[in-house]
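Here's the structure, in structure tokens; my notes come after.
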Ligand code: RB5
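In my numbering, the protein residues as written are 321 to 472.
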């Protein structure tokens, strides 16, 4: 399947809904396309694994190159997304962690906490992640090892 390099896949649960809407407006402002795989409207009973899996699957199957996921803390949706081989979802709390997630971990999914990260900070984190580049070298060996957990 052809990767959609232009677009970022996005997904959030109810706790990430508000920040996700802000992120969509921000991406539009900076000219980055996206596809939103969240529920069509705010539903306080929805479950973060459903949306984490949906977006992570779209990356694992090659439909998208990268994604942004949001739940309340960013923790649950990270755990869900990282169950897919080839998905490297990194919960980032600052521009520095986002830059490192790209440089060292080649993170193809940025995760934000809707209840823990303010909208203006989220914009700065997104900028750092989008601008970041994988450093390669010794980090390639380590990133390759992530897909080879012993005994699995
Ligand atoms: C939902 O209340 C909350 O548990 C979820 O968004 C997330 O923070 C889980 O890790």
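Quick reminder that beta carbons are idealized off the backbone N, C-alpha and C, glycines included.
These figures come from a predicted structure and were not determined experimentally.
When you measure from the CB of residue i to every non-hydrogen atom of the ligand RB5, does any distance come out below 7 Å?
i           : result
residue 396 : yes
residue 410 : no
residue 455 : no
residue 359 : no
residue 375 : no
residue 404 : no
residue 337 : no
residue 392 : yes
residue 333 : yes
residue 346 : no
Leaving aside the five residues before and after residue i along the sequence, list all residues of the same chain whose C-beta is less than 6 Å from its C-beta, in chain order.
i           : result
residue 439 : 342
residue 421 : 410, 412, 427
residue 396 : 368
residue 337 : 362
residue 376 : 401, 404, 407
residue 445 : 412, 415, 418
residue 459 : 424
So, at 8 Å on beta carbons, what are the nonlocal neighbours of residue i in its own chain, with the 5 sequence-adjacent residues on each side left out?
i           : result
residue 321 : Unreliable placement is indicated for residue 321, whose pLDDT of 39 sits below 50; the coordinate value is still reported in the next sentence. The answer, listed in chain order, is 381, 382, 383.
residue 364 : 334
residue 374 : 331, 357
Which same chain residues end up closer than 7 Å to residue i when comparing Cβ atoms and leaving out the 5 residues on each side of it in sequence?
i           : result
residue 327 : 353, 354, 355, 384
residue 435 : 335, 392, 393
residue 464 : none
residue 443 : 346
Kindly indicate which three-state DSSP category residue i falls into: helix, strand or coil?
i           : result
residue 445 : helix
residue 356 : strand
residue 409 : strand
residue 431 : strand
residue 347 : helix
Using only alpha-carbon positions, find the residue among the options that is nearest to residue i.
i           : options            : result
residue 379 : 408, 413, 431, 370 : 408
residue 451 : 436, 415, 462      : 415
residue 433 : 388, 361, 467      : 388
residue 372 : 402, 471, 340      : 402
residue 399 : 425, 370, 417, 386 : 370
residue 406 : 471, 467, 329, 344 : 467
What do you reckon, is the C-beta of residue i under 7 Å from a heavy atom of the ligand NAP?
i           : result
residue 437 : The model on display carries the ligand RB5 but not the ligand NAP.
Would you please verify whether the beta carbon of residue i is less than 8 Å from any beta carbon of chain B?
i           : result
residue 455 : Protein chains in the displayed structure number just one, and chain B is not present.
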